[in-house]
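Accompanying notes for the structure given below.
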Ligand SMILES: Cc1cc2nc3c(=O)[nH]c(=O)nc-3n(C[C@H](O)[C@H](O)[C@H](O)COP(=O)(O)OP(=O)(O)OC[C@H]3O[C@@H](n4cnc5c(N)ncnc54)[C@H](O)[C@@H]3O)c2cc1C
């Protein structure tokens with residue numbers, strides 16, 4: 305059985321948008337294909353008439369400084385992310401998250417845009433970008449716009465934009481300042497399942513007295529959508545990290561996530577036990593980096 309009828313390779317975002325909107329039957333963007341092709345082959349996605357391959361669009365592959373932001377193109381592969389010095393300096397949690405995705409073969413072709421657009425609650429690239437308060441650049445026939453990344457998710461595998469009319473062009477987050485640090489950690493089954501049992505990313509800024517001035521924490525799967533731990537972040541703001549603060553933060557985090565048992569990965573109870581472990585690791589690693 306054919307999984308698709310037509311395979312187009314546009315060279316610009318405009319051409320890709322036109323290829324999407326002019327399709328008379330089902331149509332989908334394909335980048336690295338590591339999610340989409342697998343789903344088609346395994347029968348978890350109905351056959352698609354037209355595939356629009358965006359991997360040949362140069363403007364999607366850019367990583368650059370733009371004022372006080374870093375711009376990361378949606379078509380940048382995980383391999384390119386982990387070897388990019390700019391991202392190593394300004395986005396350690398993203399480098400760590402993307403560096404754990406799949407194996408070398410997957411990371412060679414899989415893209416950050418595909419990880420986000422797949423919209424799973426625990427995509428490692430997605431969770432790491434959320435801790436940096438990332439904005440996403442959406443391209444349509446009318447032009448491009450920026451939105452907070454957290455707002456594009458509707459549910460597992462679902463986004464708030466029309467996939468026939470919108471392309472994710474890129475992402476931006478602020479450059480790293482003095483006394484800021486970030487980190488990513490996850491717990492994974494040793495083999496066979498691509499998505500983490502639990503992952504977590506943190507960004508923080510250390511204040512003049514050594515306190516956590518501000519922090520952002522994201523984790524997954526902790527609900528139907530990629531999750532930001534706003535209550536825990538609020539609690540930690542202005543506090544010095546010590547054992548008591550850690551215990552309270554872990555309790556607040558446990559109360560605001562929505563963990564569940566999944567057949568192939570872990571029980572809800574096990575995930576609850578992992579939460580404080582990952583919290584301690586990401587916060588302490590981020591504090592260490594902020595103080596370097
Ligand atoms: C063996 C294996 C191991 C894996 N391990 C991990 C892991 O450890 N952690 C993890 O998070 N993931 C993992 N994955 C999943 C996958 O590799 C990642 O999610 C990857 O980043 C997807 O990127 P892609 O370019 O291959 O996306 P594709 O498969 O090409 O596309 C995925 C979805 O995104 C859409 N899309 C792609 N690009 C755009 C764009 N620019 N604009 C709009 N829509 C777009 C497509 O239409 C499709 O719906 C694994 C996959 C495999 C096969």
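Numbering (the numbering used here), first residue to last: 305 to 596.
Heads up, the beta-carbon is just placed ideally off N, CA and C, and yes, glycines get one too.
Predicted, not measured: the structure shown is a model, and the values here were computed from it.
For residue 568, the three-state secondary structure derived from DSSP is coil. When DSSP states are grouped into helix, strand and coil, residue 474 belongs to the strand group. Cβ neighbours of residue 478 within its own chain (closer than 7 angstroms, five residues either side excluded): 372, 373.
Taking C-alpha positions only, residue 507 is separated from residue 430 by approximately 14 angstroms. Linking residue 387 to residue 415 through their CA atoms gives a straight-line distance of about 14 angstroms. When the beta-carbon positions are compared, residue 589 and residue 487 come within less than 7 angstroms of each other. Bridge pairing for residue 452: 439 [DSSP]. Rounded to the nearest whole angstrom, the CA to CA distance from residue 440 to residue 474 is 6 angstroms.
In the three-state DSSP reduction, residue 360 falls in the coil class, being neither helix nor strand.
Among the bridge pairs identified by DSSP, residue 539 is matched with none. With contacts defined by Cβ atoms closer than 7 angstroms, residue 330 and residue 353 form a contacting pair. Beyond the five residues adjoining it in sequence on each side, residue 403 comes within less than 6 angstroms, by CB distance, of 386 in the same chain, given in chain order.
Relative to ligand 1, residue 419 has its C-beta within less than 6 angstroms of a heavy atom. Closest in C-alpha terms to residue 529, from the list 550, 563, 470, comes 563. For residue 332, DSSP records a beta bridge to 355.
Short note on residue 386: C-beta not closer than 6 angstroms to any heavy atom of ligand 1. Residue environment: residue 525 is assigned as buried (16 or more neighbouring CB atoms within 10 Å of its CB, all protein chains considered). Inter-segment contact for the region 529-539 and the region 417-428 is present: three or more beta-carbon pairs are separated by less than 8 angstroms. Straight-line spacing of the CA atoms in residue 490 and residue 406 works out to 13 angstroms. Between the C-alpha atoms of residue 481 and residue 517 there is a straight-line separation of about 13 angstroms.
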